[in-house]
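The block underneath contains the structure these notes are about, expressed in structure tokens.
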Amino acid sequence: MSLFSPDPSTQAALSSVDYAQDLLGSDVSGASLQVKTEDSWEDSFRETCPICGDKVSGYHYGLLTCESCKGFFKRTVQNDKRYTCLEKQSCPIDKAQRTRCPSCRFHKCLSVGMRLEAVRADRTRGGRNKLGPLYRRDRQLKQQRRGLDSSPAGISVYGIKLEYSFQPQGGAPPTPSPSPCSYEDSQSTGLGFSSPLESPLPGCLPELCDPYCQEVKSEWLCSSQVRPPLPSPSLLPEMMHCELEEAALRAWVLGHLQRELASRGKHDRLNTLGIMCRVADQTLFALVEWVRGCIFFKQLTVTYPTLNSAII
DNA sequence: CCTCAAGGCCAG
DNA sequence: CTGGCCTTGAGG
Ligand SMILES: [Zn+2]
Ligand SMILES: [Zn+2]
Numbered sequence: 001m002s003l004f005s006p007d008p009s010t011q012a013a014l015s016s017v018d019y020a021q022d023l024l025g026s027d028v029s030g031a032s033l034q035v036k037t038e039d040s041w042e043d044s045f046r047e048t049c050p051i052c053g054d055k056v057s058g059y060h061y062g063l064l065t066c067e068s069c070k071g072f073f074k075r076t077v078q079n080d081k082r083y084t085c086l087e088k089q090s091c092p093i094d095k096a097q098r099t100r101c102p103s104c105r106f107h108k109c110l111s112v113g114m115r116l117e118a119v120r121a122d123r124t125r126g127g128r129n130k131l132g133p134l135y136r137r138d139r140q141l142k143q144q145r146r147g148l149d150s151s152p153a154g155i156s157v158y159g160i161k162l163e164y165s166f167q168p169q170g171g172a173p174p175t176p177s178p179s180p181c182s183y184e185d186s187q188s189t190g191l192g193f194s195s196p197l198e199s200p201l202p203g204c205l206p207e208l209c210d211p212y213c214q215e216v217k218s219e220w221l222c223s224s225q226v227r228p229p230l231p232s233p234s235l236l237p238e239m240m241h242c243e244l245e246e247a248a249l250r251a252w253v254l255g256h257l258q259r260e261l262a263s264r265g266k267h268d269r270l271n272t273l274g275i276m277c278r279v280a281d282q283t284l285f286a287l288v289e290w291v292r293g294c295i296f297f298k299q300l301t302v303t304y305p306t307l308n309s310a311i312i
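For the first sequence, UniProt numbering assigns the number 1 to the initial residue and increments by one for each residue that follows.
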């Protein structure tokens, strides 16, 4: 028995079908479910260089930059170039003026997060460095973000992506879609910080680092210094225990969905609305279970007004 | 194998 | 010095 089961015999269910049809702009009941793992390999970076705004050509020394800023950064670090700003250290850097003040340009390179350690002291060519996996993760994160809001004709819930394809009403579908529900390619490691690509690397070419690291490091420190006051130590474990994990919720909901789908025959397959209802169902249940298991909830005292103290 | 960032090259 | 294009080569 599902709280949200679409029941064609009730007014409420009928209106929700209507609502869904309005929402989707077409006949929901004729839709078949498809679950996709990921969007097609979209053209990766049409972004602009954070330093000069020119077109990005790939990841260079820690982040996506244009070709010329890559070259500039490399030359500067390799040859230990030192520039001096003739102005007030705040020259505008854009595609047109990027060559005017190398000092400010380099400063901007560092401030947006380009990494000195990525310039090799031994000038080794090819291969990959430690930033490789980082690039990969960042790329995944970005294309995942993109697919989330530019979804063509589908809905994504808990990483379960529903896509609709419509077949002419009447004929039995010759190829019943296998509908293997799966996660979207979610590597979501909590919050995705985009700009400075994450963690500092331990030991890497200190001789190249030294000259500049001072200023950069201090900037990072400043920004990471701002953290909320920690809760009382004794409460910490409890609070962590109470934390509702998105991944767990997903797994829970997905697990039920998969079992539900698997247990159904080919001809009483859940339609899209049905699936969405199951998702809502299990979410509610999971939420309630979570709340009940939370110590803070358990500590709540329930008081009933007595006749004496009741105010009319 | 292929990918793609890192270094090298060199005309402008 | 600049920046587009080329060559490398570890990792997936
Ligand atoms: Zn640039
Ligand atoms: Zn300047």
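We put the beta carbon where it would ideally sit given N, CA and C, even for glycine. Since we're looking at a predicted model, the values are computed, not measured.
In this structure, ligand 1 has a non-hydrogen atom nearer than 7 Å to the beta-carbon of C52. Judged by beta-carbon spacing, R105 lies within the 8 Å limit of I51, meaning their Cβ atoms are closer than that value.
Each residue's CA atom was taken as its position, placing R100 and F72 some 13 Å apart. With respect to S68, C85 sits apart: the two C-beta atoms are not nearer than 8 Å. If you look at L64, you'll find it in the beta strand (DSSP E) that goes 63–66. For S111, there is no enclosing beta strand (DSSP E); the residue is found in the alpha helix (DSSP H) stretching over 102–112.
Straight across, the Cα-Cα distance linking P133 with K108 is about 24 Å.
Distances taken from the Cβ of C69 to the heavy atoms of ligand 2 include none shorter than 7 Å.
If you draw a straight line from the Cα of L300 to the Cα of C91, it comes to about 59 Å.
For the 8 Å CB-CB criterion, A121 and L131 do not form a contact. Among the bridge pairs identified by DSSP, T48 is matched with K55. Under DSSP, H60 takes part in a beta bridge, and its partners are L63. Here L257 carries a helix assignment [DSSP, helix/strand/coil]. When rounded, the separation of the alpha-carbon atoms in N129 and R269 is 49 Å. For G255, the number of other beta carbons within 10 angstroms of its own is below 16, and it is reported as exposed.
Between G113 and L63, the CB-CB gap stays under 8 Å. In the structure shown, D122 adopts coil according to DSSP, grouped into three states. Taking 7 Å as the cut-off, one finds at least one heavy atom of ligand 2 near enough to the beta carbon of S103. Here K74 has V119 as same chain residues with Cβ atoms under 7 Å from its own Cβ, once five neighbours each way along the sequence are excluded.
One thing to note: L236 has its Cβ no nearer than 8 Å to the Cβ of W290.
Here the alpha carbon of T48 sits roughly 42 Å from the alpha carbon of N271. The Cβ neighbour count for R278, taken over all protein chains shown within 10 Å, is at least 16; the residue is labelled buried.
Shortest gap from the CB of C49 to any heavy atom of ligand 1: under 7 Å. Straight-line measurement puts the Cα of A248 at about 41 Å from the Cα of K70. Boundaries of the alpha helix (DSSP H) around L287: 272–293. L284 has its alpha-carbon roughly 12 Å from the corresponding atom of R292. Ligand 1 never approaches T99 closely enough for any of its heavy atoms to be under 7 Å from the residue's Cβ. Taking the Cβ of E87 as the reference point, at least one heavy atom of ligand 2 falls within a distance shorter than 7 Å.
Within the same chain, C294 come within 6 Å of C242 by CB-CB distance, once the 5 residues on both sides are set aside.
Proximity to H60 across E260, R136, F297, A262 peaks at R136, based on C-alpha coordinates. Look at V302 here: in three-state DSSP terms it is coil, with no helix or strand label.
For the options K55, F296, R46, T303, the alpha carbon positioned closest to that of A96 is the one of K55.
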